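K.L.:
Residues 434 to 577 (our numbering) make up the sequence shown, in order.
Just so it is clear, CB atoms sit at the ideal spot from N, CA and C, and this is done for glycine as well.
Only a predicted model underlies this, so the values are computations on that prediction, with no experimental measurement involved.
Take a look at this one; I'll ask things after.
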Amino acid sequence: MLIRSTDPFREFDRLTQQLLGGGTTNRPAVMPMDAWREGDRFVIEFDLPGVSPDTIDLDVERNVLTVKAERVAKNGDWQMLANERVRGSFSRQLVLGDNLDLEKIEAAYDAGVLRLVIPVAEKAKPRKIEIATAPKQEPAAIES
Numbered sequence: 434m435l436i437r438s439t440d441p442f443r444e445f446d447r448l449t450q451q452l453l454g455g456g457t458t459n460r461p462a463v464m465p466m467d468a469w470r471e472g473d474r475f476v477i478e479f480d481l482p483g484v485s486p487d488t489i490d491l492d493v494e495r496n497v498l499t500v501k502a503e504r505v506a507k508n509g510d511w512q513m514l515a516n517e518r519v520r521g522s523f524s525r526q527l528v529l530g531d532n533l534d535l536e537k538i539e540a541a542y543d544a545g546v547l548r549l550v551i552p553v554a555e556k557a558k559p560r561k562i563e564i565a566t567a568p569k570q571e572p573a574a575i576e577s
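Next comes the structure, spelled out in structure tokens:
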């Protein structure tokens, strides 16, 4: 079996990926995510397969959450035969609402998925407001 080392479409594919945001060190790749609400908390999951937890960086400034990660290319004395997985820097920013408690964000990374849990702020939760009433006064006795 002969593996062809020159591919006439390889450079065209590489150029297309760079122009369409396939991910290079100059242009970060897209980081797929899901987000949903579970009761009093929001959950966000980012797909980051093959990313070392040491390269993941989370920052919150005001109400903007920034997620950065890097999938490092392997170095060695070998020749790449297929190159379809995106390598390099990944970055994504989310604008979070004022109703979330950004001081209590929990983050976990397992099996290539970064999971963030953000609780709803106490001030944004529904609450019952009691209505004050004037104290009842006993009728005054009539003196005769």
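To the nearest angstrom, how far is it from the Cα of Q526 to the Cα of V497?
P.N.:
7 Å
K.L.:
Among the candidates A502, D531, D487, whose CA atom is the shortest distance from the CA of V386?
P.N.:
Coverage of the chain is limited to positions 434 through 577, which leaves residue 386 absent and any answer about it impossible.
K.L.:
Can you give me the start and stop residues for the beta strand (DSSP E) that L514 sits inside?
P.N.:
Here L514 belongs to no beta strand (DSSP E), and DSSP marks it neither H nor E.
K.L.:
Take I551 and list the residues in its own chain whose beta-carbon comes closer than 6 Å to its own, dropping the five residues that flank it on each side.
P.N.:
F475, L533, I538
K.L.:
Can you give me the start and stop residues for the beta strand (DSSP E) that V550 sits inside?
P.N.:
546-552
K.L.:
When DSSP labels each residue in this structure, what does G555 get in the three-state scheme?
P.N.:
The sequence given here places Glu at residue 555; Gly does not occur at that position. In this structure, E555 counts as helix in the three-state DSSP scheme.
K.L.:
Mind checking which residues open and close the beta strand (DSSP E) that includes V500?
P.N.:
497-504
K.L.:
For D467, which residues of its own chain have a beta-carbon under 6 Å away from its beta-carbon, when the five flanking residues on both sides are left out?
P.N.:
E478
K.L.:
Tell me whether T457 sits in a helix, a strand or coil according to DSSP, three-state version.
P.N.:
For T457, the predicted structure reports a pLDDT of 45, less than 50, and the residue's modelled location is therefore unreliable. A value from the coordinates is still provided. T457: coil per DSSP, three-state reduction.
K.L.:
Report yes if the CB atom of L491 is closer than 8 Å to the CB atom of A554, and no otherwise.
P.N.:
no
K.L.:
Quick check on L481: does DSSP put it in helix, strand or coil?
P.N.:
coil
K.L.:
Going straight from the alpha carbon of K569 to that of A557, what length do you get?
P.N.:
35 Å
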